[in-house]
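Order-wise, the sequence lines are chains Z and V. Under this note's numbering, think of the first position of the first sequence as 24, with each following residue one higher. Under this note's numbering, think of the first position of the second sequence as -6, with each following residue one higher. The structure appears right after this line, and notes come after that.
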Amino acid sequence: MTLHLPILILLVLFSGALFIPILSKLGTRTPWIIAVASSLLAFCLCLFLLFEVLEVGVIHYALGGWAPPIGIELVADRLSVFVSLVILGVSTLVLAHSRPSVERDNGENQVGYYTTALLAVGGFVGIISTGDLFNLYVFLEISSLASYALIGSSGKRSAVAAFRYLILGTIGASFYLLGLGFVFINTGSLNMADVAAILSEQGLDPVILIGAVLMVIGMGLKMALLPLHLWLPDAYTFAPAASSSLIAPIGTKVAAYVLIRLILGVFPTEMLTAELPLLDILGVLGAAGIIWGSVMAIPQRNIKRMLAYSSVAQIGYIALGIGLGTTFGLIGAVLHILNHACMKACLFLVSSNLETRGKGVEIEGLDASMRRDMPWSSAAFAVAAISMIGLPPTAGFFSKWYLLLGSFQEDRFIFVGVILISSLLNAVYFFRILERMYLGNPGPKGEVTASSGASGFLLVFSPVVLGLGLVLLGLGNAFIVTHLLNPMMPIAP
Amino acid sequence: MNAAITTQSVLPWLAVAASLAVVPAILLCDKRPNFREFWTFAAAFLKFGIVLSLVPGALRGETVEWTLFSLVPGVSFTLSADPLGVFFALVASGLWIVTSVYSIGYMRGHAEKKQTRFFASFAVSLGSTIGIAFAGNLLTFLVFYELLTLATYPLVIHKESKEAIRSGRMYLAYALTAGLCFLSATVWIYFRTGSIEFEAGGMLVDGSFSGGELKALFLLLMIGVGVKSGIMPLHSWLPAAMVAPTPVSALLHAVAVVKSGVFGLIRVTGFVFGPDLMREYGLDIALACFAAATVLFASVIAMRQDNLKRRLAYSTVGHLSYIAIGTALIAPSALQGGLMHLSAHALMKITLFFCAGAIYVHAHKTEISQLDGLGRTMPWTFGAFAVASLGLAGIPPLSGFLSKWWLAVGSVEAGREWALGIFLLSGLLNAGYFFPIVIRAFFRPPPPENGNEGHHSPLGEASPWMVVPLCLTALLAVIFGVFPDYPLPFFDLAYNIARDVFAGSESLMSTLP
Chain Z
24 MTLHLPILIL
34 LVLFSGALFI
44 PILSKLGTRT
54 PWIIAVASSL
64 LAFCLCLFLL
74 FEVLEVGVIH
84 YALGGWAPPI
94 GIELVADRLS
104 VFVSLVILGV
114 STLVLAHSRP
124 SVERDNGENQ
134 VGYYTTALLA
144 VGGFVGIIST
154 GDLFNLYVFL
164 EISSLASYAL
174 IGSSGKRSAV
184 AAFRYLILGT
194 IGASFYLLGL
204 GFVFINTGSL
214 NMADVAAILS
224 EQGLDPVILI
234 GAVLMVIGMG
244 LKMALLPLHL
254 WLPDAYTFAP
264 AASSSLIAPI
274 GTKVAAYVLI
284 RLILGVFPTE
294 MLTAELPLLD
304 ILGVLGAAGI
314 IWGSVMAIPQ
324 RNIKRMLAYS
334 SVAQIGYIAL
344 GIGLGTTFGL
354 IGAVLHILNH
364 ACMKACLFLV
374 SSNLETRGKG
384 VEIEGLDASM
394 RRDMPWSSAA
404 FAVAAISMIG
414 LPPTAGFFSK
424 WYLLLGSFQE
434 DRFIFVGVIL
444 ISSLLNAVYF
454 FRILERMYLG
464 NPGPKGEVTA
474 SSGASGFLLV
484 FSPVVLGLGL
494 VLLGLGNAFI
504 VTHLLNPMMP
514 IAP
Chain V
-6 MNAAITTQSV
4 LPWLAVAASL
14 AVVPAILLCD
24 KRPNFREFWT
34 FAAAFLKFGI
44 VLSLVPGALR
54 GETVEWTLFS
64 LVPGVSFTLS
74 ADPLGVFFAL
84 VASGLWIVTS
94 VYSIGYMRGH
104 AEKKQTRFFA
114 SFAVSLGSTI
124 GIAFAGNLLT
134 FLVFYELLTL
144 ATYPLVIHKE
154 SKEAIRSGRM
164 YLAYALTAGL
174 CFLSATVWIY
184 FRTGSIEFEA
194 GGMLVDGSFS
204 GGELKALFLL
214 LMIGVGVKSG
224 IMPLHSWLPA
234 AMVAPTPVSA
244 LLHAVAVVKS
254 GVFGLIRVTG
264 FVFGPDLMRE
274 YGLDIALACF
284 AAATVLFASV
294 IAMRQDNLKR
304 RLAYSTVGHL
314 SYIAIGTALI
324 APSALQGGLM
334 HLSAHALMKI
344 TLFFCAGAIY
354 VHAHKTEISQ
364 LDGLGRTMPW
374 TFGAFAVASL
384 GLAGIPPLSG
394 FLSKWWLAVG
404 SVEAGREWAL
414 GIFLLSGLLN
424 AGYFFPIVIR
434 AFFRPPPPEN
444 GNEGHHSPLG
454 EASPWMVVPL
464 CLTALLAVIF
474 GVFPDYPLPF
484 FDLAYNIARD
494 VFAGSESLMS
504 TLP
């Protein structure tokens, strides 16, 4: 059975999506139960797969028994399984948390949300686990279409934002496809490992270079790398709470992962950088994104919009790490994929709780009553904010550590400055909220506006787990880096 | 250099954990103040006991070390209680007990709000301070250093007035910037040398940095520790932070926080760069110039303050730079004097802040011009104030005299006699801004309208919860001036530390008695 694990994970997710409409008549909560259960099951299988990979090394799974490079293969190595695990863990927590806010937004009809959510997660995991460049495009489209639907499902403004995302996302996917076409013409293969082998033998010609650039631009658009980030703020702001908390932590990270794979696994890195300053450009754009996103986050009045701009900045961290091209930079980038997924999920879940509790997501409207009515959510928010600022011992501090190490390794002192300044900017916009939450007197306890009991537990469970996780990830990062990240780095440390 | 003996024991971690572990208990006892304060005392005594148990080893030059796990690959989360760490931990944890007694008197006497948050943050701050004292490498140091910033923020903004919030923001801006500079320097050192363990005599001896880079590195680290140690021009947050309740100003802004900064300064100069590098690249002169300027300017500015706490704050800024000069002179006696000033100033400045708080709570006076004749109604408070002022001005037989003596000896030893002039001038300035307060309180008649207008006219002393601690610290300041080794061996510890730091520099060692 262990041999079939890579496909089983995908099957669980996609068949979950299939069963939701069929079984939805059993009760209004059935879709939620199925979605959480399949996501959790996939998570457990993925964990199992991780142990398997740690033991036996890379697992190649040929779909339908057709051997690669003709057939499609799924590749489970440390990097891909690790990122899948992050995505499945976060999505399980987010889906578990989503019930009250989906009930609020969608009423009785929750089939749509949970079906598309599972499709999106399945698409994301597919992108990560595939070893085939065209198959990656297929999964990309599955996840993207599901994301457009998720984002556009709450009224006019979200529909407009989703439409904009659809246009730009489709352009991005098309760029990728076009680039892939160039690569295919020249190599005759779509399998990543095969393409890499062919390329390192025959070298890079202009056609391949154009293909590489097009693919990178496409992924840059998907991951909202400055200046291709324009779709992101609106999409995250106007999307329903349950959708933005699912898409924001993992959507852009998947594109970042593809970028890592393309630059380091498919195109021979040294030949590529000798011909094109692609990595340098990525790094500079990342640095610019860090500053731009952080500065833009400061004046925002809506928490979700502020978090969206902060996402642009955090994507910048990842791009900067990739752009450094060194082991430390990559470790920083991959670790930040994990850390930022947890932080952003936590922050968006709390903002969703604010909506559920009827407090709204306008920063002006926040006051000490938040601390009184939702102490656990406030605490989780505070921990995530501290991690975003990057203070020890939370996870965010340690991504900064590796990124700084990478910057010193490459003598990029400007990047050092950028990372430091952005921490201060993060402090500015997060302490603005923390001050509102923790200062002043909440006054006498008013009537509790929203449901308590079981759904109250649901509201705080995921943010608190994520908040605790941030501290544990921070303290345990040495373990993750030595046992998972270091061995999987394409460049020897 | 003889290899120092290192024993493995979890004691340093217990000392840190003692105050962190009671935080949940303090929070849970929100509604039962007596029970809540019990936890604070339990932690304070436990912590002090643990630190005391480390003293005999430290006197023998031993280091007690324990590693929890790796923070990042290659850097472990290590606490290592070497003599210098024990010295600082002893000061901080001992004064925490006294301050806890005082805090109860102050917070209840003044009916402050949110006392639970106050005591919880206080416990975290002290835990981090001990963590700073025992940190075995730069990264562990930084972890606790940032934790201290976070934990003291709620204390600075305690009043939640506009002014308090503004001060809190200023504090964060300064402290976070400092932390980031420190972080980048740490990463840089780690990347170049692969090791960031503190080592007496300096860790950067193998020449992996060029001269220019060393200077940049020194600048980054100095900004990192200079903010908390209030070296001009990085000091402005400290007077602003005086808006915090007085026990906070007393323990944190005279002992724990600012001394963490100065302690970091000693770590950086003595355990990262080391005397030889400091001398070779002129880093000592740069630091000494800034510190000397700070001593003089701060004293002059202090004279112009009418608000008592602000005057004390500027005086703190000045005295912190005494210690900075002591480390910058690169002479064993000067370092020893600086260390002794660390404990002496802690005792005396905490006394002064305690007095300021007692005056504020009991007589509702914050400005020096309002203090006329108050010494007659509050003799013990102002008596203690007078003792501490004399000590800070460096009058024998108080502990401030001893530390200044060794600083002066050190400046001659180092061949920098101008520092001697700074110390003398600053002693005069100290007298200039402290004695008028004492004279005013004891010898001026009380303002006549005080009784007529129906003002709250104070009779007698403040609550014994406040007066006993402040008399105790004043008494200790005298005792340590006469017997520098009893009841706690600060003198011997300081001597041992100076010997260890300079053990590698033969030329400088010869001057040590």
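The C-beta atom is built at its ideal place from N, Cα and C for all residues, glycine as well. Since the model is a prediction, treat every value here as computed from it, not as a measurement.
Go through its chain and collect everything with a Cβ distance to residue i's Cβ below 6 Å, but skip five positions before and after it.
i        : result
V/Arg492 : none
V/Ser326 : Trp399, Val402, Gly403, Glu406
V/Ala22  : Note that residue 22 of chain V is Cys in the sequence shown, not Ala. Excluding sequence neighbours, V/Cys22 sits near Phe28, Arg29.
Z/Leu141 : Leu36, Gly39, Ala40, Ala58
V/Gly366 : Arg437, Pro438, Pro439
Z/His363 : Gln337
Z/Leu498 : Pro416
V/Ala351 : Thr374, Ala455, Met459
V/Ala11  : Ala36, Leu39, Lys40
Z/Thr505 : none
Going along the chain, which residues of its own chain have a beta-carbon closer than 7 Å to the beta-carbon of residue i, five neighbours each way excluded?
i        : result
Z/Phe71  : Leu28
Z/Ala368 : Val113, Leu116, Val117, Ser268, Pro272, Leu489
V/Ala507 : Examination of residue 507 of chain V is not possible in this model, given that chain V is present from -6 through 506 alone.
Z/Asp303 : Gly346
V/Leu481 : Leu83
Z/Ile221 : Thr210, Ser212
DSSP has residue i in a bridge; who is on the other side?
i        : result
V/Val68  : V/Val65
V/His338 : None; V/His338 has no bridge partner.
Z/Glu96  : Z/Ala85
V/Gln1   : V/Glu58
Z/Glu385 : Z/Asn325
V/Ala128 : V/Leu72
Z/Thr193 : For Z/Thr193, which the question treats as bridged, DSSP gives no partner whatsoever.
Z/Asp257 : Paired residue(s): none; Z/Asp257 is not in a bridge.
Z/Thr115 : Its beta-bridge partners do not exist; DSSP assigns none.
Z/Thr153 : Z/Leu97
V/Asn300 : V/Glu360
Residues in its own chain within less than 8 Å of residue i by CB, not counting five upstream and five downstream?
i        : result
Z/Gly413 : Gly419, Phe420, Ser422, Lys423, Ser446, Asn449
V/Arg409 : Ala281, Leu322
Q.
If contact is defined by three or more beta carbon pairs under 8 Å, each pair taking one atom from either stretch, is the segment 457 to 476 of chain V in contact with the segment 156 to 168 of chain V?
A. no
Q: May I ask you to list, following chain order, the residues of the segment 405 to 416 of chain Z that have a beta carbon less than 9 Å from some beta carbon of chain V?
A: Ile409, Ile412, Gly413, Leu414, Pro415, Pro416
Q: Using a Cβ-Cβ cut-off of less than 7 Å, list which residues of the segment 257 to 277 of chain V approach chain Z; keep chain order.
A: none
Q: Give the residues from the segment 63 to 94 of chain V that approach chain Z closer than 7 Å (Cβ to any Cβ), ordered along the chain.
A: Ser63, Leu64, Val65, Pro66
Q) Could you give the uninterrupted runs of the beta strand (DSSP E) lying entirely in the segment 8 to 79 of chain V, keeping only those of 3 residues or more? A) 56 to 65, 68 to 74
Q: Please confirm if the segment 291 to 300 of chain Z is in contact with the segment 138 to 153 of chain Z, defined as three or more CB-CB distances below 8 Å between the two stretches.
A: no
Q) In the segment 170 to 200 of chain V, which residues sit with their C-beta less than 9 Å from some C-beta in chain Z, listed in chain order? A) Thr170, Gly172, Leu173, Cys174, Leu176, Ser177, Thr179, Val180, Trp181, Tyr183, Phe184, Arg185
Q: Would you list, in chain order, the members of the segment 442 to 462 of chain Z that have their beta-carbon closer than 9 Å to a beta-carbon of chain V?
A: Ile442, Leu443, Ile444, Ser446, Leu447, Ala450, Val451, Phe454, Glu458, Tyr461, Leu462
(Q) Which runs of the alpha helix (DSSP H) at least 4 residues long sit entirely within the segment 202 to 244 of chain Z? Give them in chain order. (A) 215 to 225
(Q) Would the segment 453 to 463 of chain Z count as touching the segment 374 to 393 of chain Z if we require 3 or more Cβ pairs under 8 Å? (A) yes
Q) Touch check for the segment 41 to 53 of chain Z and the segment 66 to 83 of chain Z: three-plus C-beta pairs under 8 Å? A) no
**Q.** Chain-ordered residues of the segment 200 to 222 of chain V with a beta carbon less than 8 Å from chain Z
**A.** none
(Q) Going residue by residue through the segment 406 to 435 of chain Z, where are the continuous alpha helix (DSSP H) segments of at least 4 residues, counting only ones entirely within it? (A) 418 to 432
**Q.** Inside the segment 292 to 358 of chain Z only - alpha helix (DSSP H) runs reaching at least 4 residues
**A.** 292 to 298, 301 to 320, 326 to 347
Q) Touch check for the segment 210 to 229 of chain V and the segment 271 to 285 of chain V: three-plus C-beta pairs under 8 Å? A) yes
Q) Which residues, in order along the segment 425 to 439 of chain Z, keep a beta-carbon less than 7 Å from a beta-carbon of chain V? A) Flagged, chain order: Leu427, Leu428, Phe431, Gln432, Val439.
**Q.** Residues of the segment 284 to 300 of chain Z whose Cβ lies closer than 9 Å to any Cβ of chain V, in chain order
**A.** none
Q. The segment 104 to 133 of chain V: which residues have C-beta closer than 7 Å to a C-beta of chain Z, in chain order?
A. none
Q | Contact residues within the segment 492 to 505 of chain Z, judged by C-beta distance below 7 Å to chain V | A | From the segment 492 to 505 of chain Z, only Asn500, Ala501, Val504, Thr505 have a Cβ closer than 7 Å to chain V.
Q: At 4 residues or longer, and completely inside the segment 303 to 366 of chain V: list those alpha helix (DSSP H) runs for me, N to C.
A: 325 to 356
Q) If we count Cβ pairs, one from each stretch, closer than 8 Å, do we get three or more for the segment 304 to 319 of chain V versus the segment 220 to 239 of chain V? A) yes
Q: Can you give me, in chain order, the residues of the segment 7 to 24 of chain V that have a beta carbon less than 8 Å from any beta carbon in chain Z?
A: Within the segment 7 to 24 of chain V, no residue has a Cβ that lies closer than 8 Å to any Cβ of chain Z.
**Q.** Residues from the segment 99 to 111 of chain Z in contact with chain V, defined by Cβ distance under 8 Å
**A.** none
Q) Going along the chain, which unbroken runs of the beta strand (DSSP E) with 3 or more residues stay wholly within the segment 204 to 273 of chain V? A) none
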